[in-house]
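Report on the structure given below.
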Amino acid sequence: MPPPPHEPIDLKHLPPYLNSKLPRTTHNHVDLLPLSLPLHPSHRPICSLLLHRPSSHTPQTPTTAPQVALPPTTTATTSNSTFPLPPYTLFPPFYTLQPNHSTLARQLLLWSTLLTSYAAHTHLFKLSLSSPPPDLFSNATLHRSLKQSDIRQILDYMALPANGSKIEWLPPPASSSGRKGGEQSSTCWVWWRSAGEWADRVYEWVVEETGQRGAVLTVWELRAGEGVKGREWEGMEEGMLRRVLGVLVKRGKAQVFGEGEGSGVKFF
């Protein structure tokens, strides 16, 4: 049964592991939950985001997202390649976006960090709202799931330039009449590295690691060929890879010939 909108925190519903370690308090905001949890040092950068309180009650607007690494030591895993989940995913209210502005800002930041790390771990390049990763946006143990509208809000947050432009919405498909009719996009690319960062990695592999300066490779070889097995960009969407190659073209380090996956790319 889906949680009600803006679900308040009820300490009775916390897992026993957490409930036994929490102080008795009348506060009911998600940012006040982990007051006395014994934290592993690697967890503190993330949990400190929840513990931070602004000096005034003025709602805080999310700004540039800091680079926060997910902790290596965790208390849960997803079924997808045993992706490690951080401890805050055990709090039921984490799966409902909170109404308090400052709390929401921190919550969106945590979801952005979590999704970025999940995408890097699973090589997720394309995400659809109609079939999002079930082990990321829901918790079977807690019987909690993010509403689709909340997932969209998180993705919209990640799409902002101030937050790293880690999400890029794709144009919705045209209707049978050829008109879009103001329909919202439901599919996006996930840029867990920027196009510039991908360009650096692809060029380093082609020129420095494999010595193919001056060689011509196909777009297909660069994204799905035998030579890129195990590389971070293996399986990247063709449109994303073309964006990456466009960066190298602007830098004068590559030239692209033709269209489609069979088109050639020459590196200088």
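First residue of the sequence shown: 1, per full-length UniProt numbering; consecutive thereafter.
All C-beta atoms in this analysis are idealised placements derived from N, C-alpha and C, irrespective of residue type, glycine included.
Using a Cβ distance threshold of 8 Å, Val219 and Glu234 do not count as a contacting pair. Here Gln153 carries a helix assignment [DSSP, helix/strand/coil]. Shown here, Thr122 sits in a helix according to DSSP, grouped into three states.
Sixteen is the threshold: when 16 or more other Cβ atoms of the shown chains lie within 10 Å of the Cβ of Lys166, as they do, the residue is buried. For Gln255, the three-state secondary structure derived from DSSP is strand. Going by beta carbons, Thr187 and Lys126 fall inside the 8 Å limit. Residues Leu97 of the same chain have their beta carbon placed closer than 6 Å to that of Asp150, with the five preceding and five following residues left out of the count.
Phe83 and Thr141 have their C-alpha atoms roughly 16 Å apart.
Sequence-distant Cβ neighbours of Met158 in its own chain, meaning closer than 6 Å and more than five residues away, are Ser112, Lys166, Ile167. Rounded to whole angstroms, the gap between the alpha carbons of Asp156 and Leu90 is 24 Å. A Cβ-Cβ contact shorter than 8 Å links Val244 with Ala199.
DSSP places Pro161 within a helical segment (H, G or I) once states are collapsed to three. DSSP places Glu168 in the uninterrupted beta strand (DSSP E) bounded by 167-169.
The alpha carbon of Leu160 has as its nearest neighbour, out of Glu197, Trp191, Met236, the alpha carbon of Trp191. Considered as a whole, the segment 87-143 harbours 101-122, 134-137 as its complete alpha helix (DSSP H) runs of no fewer than 4 residues, in chain order. Cβ neighbours of Gln148 within its own chain (closer than 7 Å, five residues either side excluded): Leu129. Secondary structure of Lys250 (DSSP, three-state): helix. DSSP, read as helix, strand or coil, puts Trp189 in strand.
Around the beta carbon of Thr210, fewer than 16 other beta carbons lie within 10 angstroms, which makes this residue exposed. When Glu208, Gln153, Arg201 are compared, the shortest CA-CA separation from Ser185 is found for Gln153. Our two residues, Lys229 and His121, have alpha carbons roughly 15 Å apart in a direct line.
Sequence-distant partners of Leu146 (beyond 5 residues in either direction) whose C-beta falls short of 6 Å from its own C-beta, in its chain, are Tyr95, Phe137. Where Gly264 is concerned, the enclosing beta strand (DSSP E) starts and stops at 264-267. Taking C-alpha positions only, Trp169 is separated from Trp189 by approximately 6 Å. Around the beta-carbon of Ser102, 16 or more other beta-carbon atoms lie within 10 Å, marking it buried. If you draw a 10 Å sphere on the C-beta of Arg251, you find fewer than 16 other C-beta atoms in it, and that means exposed.
Excluding five sequence positions before and after Gly262, the CB atoms of its chain that fall closer than 7 Å to its own CB belong to Thr218, Trp220, given in chain order. In the same chain as Val207, and ignoring 5 residues on each side of it, the C-beta atoms closer than 7 Å to its own belong to Arg213, Phe267, in chain order.
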